[in-house]
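*Asks:*
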Amino acid sequence: MKHVKWLPPTLYILFLLLPIYWLVTMSFKTTNEILGGFSLWPQEFTLRNYVTIFTDRSWYVGYLNSITYVTINTLISVTVALPAAYAFSRYRFLGDKHLFFWLLTNRMAPPAVFALPFFQLYSAVGLFDTPIAVALAHALFNVPLAVWILEGFMSGVPKELDETAFVDGYSFWRFFIKIFLPTIAAGIGVAMFFCFMFSWVELLLAKTLTSVDAKPIAAIMTKTASTSGYELGLLAAAGTLTIIPGAFVIWFVRNNIAKGFALGRV
Amino acid sequence: MSIELKRVIKQSGADTHIYETDLKFEAGGFNMLLGTTLSGKTTLLRLMAGLERPTRGEVWFNGQDVTGIPVQKRNVSMVYQQFINYPNMTVYENIASPLRVVRASASQIKEKVGQVAELMRLTPMLGRMPNELSGGQQQRTALARALVKSADLVLLDEPLANLDYKLREELREELPKLFQGTDATVVYATTEPMEALLLGGHTATLSEGRVTQYGPTADLYHAPRELITAQVFSDPPINTSRISKRGGRFYLSESVSWPVPERIAGLADGDYTLGFRPHHINLHPVGEQAIEVEGRVMITEISGSESVVHVQVAESTWVSLSHGIHLYQVGDMARLYLQTNRCFYFDSDLRRIET
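Read top to bottom, the protein sequences are chains A and B.
Note that numbering that gives the first Met the number 0 gives residue 202 to position 203 of the first sequence, counting from 1, and the numbers run on in steps of one.
Note that numbering that gives the first Met the number 0 gives residue 118 to position 119 of the second sequence, counting from 1, and the numbers run on in steps of one.
1) Take every Cβ of the stretch 124 to 137 of chain B, pair it with every Cβ of the stretch 21 to 39 of chain B, and state whether three or more of those distances are shorter than 8 Å.
2) For residue 86 (chain A) and residue 194 (chain A), I'd like the C-alpha separation in whole angstroms.
3) So is residue 79 (chain B) in contact with chain A if we call contact Cβ pairs under 8 Å?
4) Taking the alpha carbon of residue 291 (chain B) as the reference point, which residue from B:338, B:16, B:143 has its own alpha carbon closest?
5) Quick one: residues in its chain with C-beta nearer than 7 Å to the C-beta of residue 143 (chain B), no 5 flanking neighbours on either side, listed in chain order?
6) Nearest by alpha-carbon distance to residue 3 (chain B): which of B:23, B:198, B:12, B:69 is it?
7) Which of the three DSSP states, helix, strand or coil, is assigned to residue 101 (chain A)?
8) Apart from the five residues on each side of it in sequence, which residues of its chain come closer than 7 Å, Cβ to Cβ, to residue 50 (chain A)?
9) Kindly indicate which residue of A:181, A:243, A:7 has the alpha-carbon position closest to the one of residue 88 (chain B).
10) Just by C-beta distance, which residues in the stretch 84 to 113 of chain B are closer than 7 Å to chain A?
11) Could you tell me the distance, in whole angstroms, from the CA atom of residue 325 (chain B) to the CA atom of residue 318 (chain B)?
12) I'd like to know whether the C-beta of residue 195 (chain B) is nearer than 8 Å to at least one C-beta of chain A.
13) Can you check DSSP and say which residues form a bridge with residue 59 (chain B)?
14) Using a Cβ-Cβ cut-off of 8 Å, state whether residue 88 (chain A) counts as contacting chain B.
15) Quick one: what's residue 317 (chain B) bridged to in DSSP?
16) How would you write the range of the beta strand (DSSP E) that residue 16 (chain B) sits in, first residue to last?
17) What are the complete alpha helix (DSSP H) segments, minimum 4 residues, inside the stretch 209 to 257 of chain A?
18) Any beta carbon of chain A sitting closer than 8 Å to that of residue 58 (chain B)?
19) Is DSSP giving residue 275 (chain B) helix, strand or coil here?
20) Starting from residue 76 (chain B), find everything on chain A with Cβ-Cβ shorter than 8 Å and list it in chain order.
21) Helix, strand or coil: which one does DSSP assign to residue 4 (chain A)?
22) Taking residue 33 (chain B) and residue 202 (chain B) to be in contact with their CB atoms under 8 Å, please state how far apart those CB atoms are, rounded to whole angstroms.
23) Write down the C-beta distance between residue 54 (chain B) and residue 8 (chain B) rounded to the nearest angstrom, noting that I regard them as a contact closer than 8 Å.
24) Which residues, in order along the stretch 40 to 69 of chain A, keep a beta-carbon less than 9 Å from a beta-carbon of chain B?
25) Using the rule of at least 16 other Cβ atoms within 10 Å of the residue's Cβ for burial, across every protein chain shown, is residue 250 (chain A) buried or exposed?
26) Could you tell me which residues DSSP pairs with residue 257 (chain B) in its beta bridges?
27) Quick one, which of A:166, A:52, A:4, A:16 has its alpha-carbon nearest residue 240 (chain A)'s?
28) Taking DSSP as the reference, what is the three-state secondary structure of residue 285 (chain B)?
29) Along the alpha helix (DSSP H) that carries residue 70 (chain B), what are the first and last residues, could you check?
30) Listing by chain order, which chain A residues have their CB less than 9 Å from the CB of residue 333 (chain B)?
31) Identify the residues that DSSP records as bridge partners of residue 351 (chain B): which are they?
32) Can you name the residues of chain A whose CB is closer than 7 Å to the CB of residue 48 (chain B)?
33) How would you write the range of the beta strand (DSSP E) that residue 80 (chain B) sits in, first residue to last?
34) Compute the Euclidean distance between the alpha carbons of residue 95 (chain A) and residue 77 (chain B), then round it to the nearest angstrom.
35) What separation, rounded to the nearest whole angstrom, lies between the Cα atoms of residue 242 (chain A) and residue 206 (chain A)?
36) Given 8 Å as the limit, is there contact between the stretch 30 to 38 of chain A and the stretch 100 to 110 of chain A, that is, 3 or more CB pairs closer than that?
Here's what the structure looks like:
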């Protein structure tokens, strides 16, 4: 049995990576080759798909829009969640446990539930089709998540650290910024990653709340056909590019990501 | 700096953590708070520090009411049982942090940190991060931080409890010296009676949120006013038993009795409570007034050259501590010798009967 130890993980990784491999190879093929038949790797290697994406404004603007609202959302969510998580972690107040749980229930409703009220509300106040609209809508899911993750990390820091700082003469904000935030830096990283991830992959709200100016890349990718027929190579290239930021961010928080899934309670 | 708690009460919801307490520590003294877990030691420290506000009553520093003054402005320092240091700063920055907060000059910081680090033998560690240090070094860093700011009041909450035996002894010896010659009033909380005796100074014994007695440590040990104080200040726990006085003798049972000491000869006949420490009942006679008692052995523990034997005598369970190794089987009858001249006698309110 000993010599086949490598076999299960290899198979596992193979199956996991197969679709991604297929996507990446497709992105280097011409549309004719993709539709023409079965090939394991590009027969006519081409970078044209990528060139199109990076030069055609209707494509690359999607990335810019997505990155804009994801960044805004991540910043809002974590900034708002930090003080909330601190309060939940350090103070006992009336109904704190119920409120804390209620936060998570916000994640239980499918986004579709909120699509219509958001669409109506944002149209009414003139936020429709702006990155900030999507960022705020995503905050509905991401703020509770960030609060939960950060609360876990903060509760891992003994309360005595806060007190020692106060005894040493630190004011609350000086302590919070100079000592507390660096202490839970890993947690902030993980919370940002999760906000990024959910905002980056969310399609329904992003699509509903935008039309032209703030259209996200995922929405652009759903236009499978154009005047020149099916552009599968182009779509594959767009898909490949969409994976890259996620992989990049995972790399940074890889050591703490399990803690994030456990909401900081490891 | 002297510190005084005046009729302080601390409640949290329906729970009372500290019942009405009056306590005064003189300037420059070394004071112990001795009590079991949850007896209120930490709460008292936190009240003194200003981390918590008393529900009622006042806290006075040097004859001034500081009850409403926040901890940042009280010039106190505190060391916890857990090793608390700022994880994102080097040892040097950790020690320097209280000085940075009060905007001391760079040269002053350098000098003071250097001094304290030398004293705490941390000089080679100054560039390291706290999590790269051993437990002992981490706690030294915390102590150094408490020391560097020349606080008026130094609060130590079981600072040695999480250290291993050797380090604990080492630091225990150093601690009182660190504060000698300073004005600082030190308050040291501990669960271990031995630690209180070794560190000396004054001791306040605590039990369930009440200070049972305060005074010089040796006085508390040798002359507890109440049974509860003797219980808190004894490890292994003090032995107790119901006894009765008839004529000039105390009776444990019909067969075991001894004369009432002269200093309390005027005592009325009746029921009393006997209390004595485990090392005052032995497996061989010690002193002239030892009387013989028979007991059934329940457990024998041998620690090095001492034997701890748990015996059942009448309805009471006693612990006996003797030199030498004495092996008994469970259920054996053991002959014990009680040093009656070392016994405490308590009345029905469990107050010690004095002359």
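Even glycine gets a Cβ: it sits at the ideal position worked out from N, Cα and C.
Please read these numbers as outputs of a predicted model, since none were measured by experiment.
*Replies:* Taking the geometry as given:
1) no
2) 20 Å
3) yes
4) B:338
5) 94, 115, 116, 119, 121
6) B:23
7) helix
8) none
9) A:181
10) 85, 86, 87, 96, 97, 100, 101
11) 14 Å
12) no
13) B:3, B:64
14) no
15) B:310
16) 14 to 24
17) 216 to 220, 231 to 252
18) no
19) strand
20) 166, 167
21) coil
22) 5 Å
23) 5 Å
24) none
25) exposed
26) B:249
27) A:52
28) coil
29) Counting along the chain, residue 70 (chain B) falls outside any alpha helix (DSSP H), and DSSP gives it neither H nor E.
30) Those within 9 Å of residue 333 (chain B) in chain A number zero; the least Cβ separation is about 47 Å.
31) B:345
32) 166
33) Careful: residue 80 (chain B) lies outside any beta strand (DSSP E) and carries neither H nor E.
34) 29 Å
35) 19 Å
36) no
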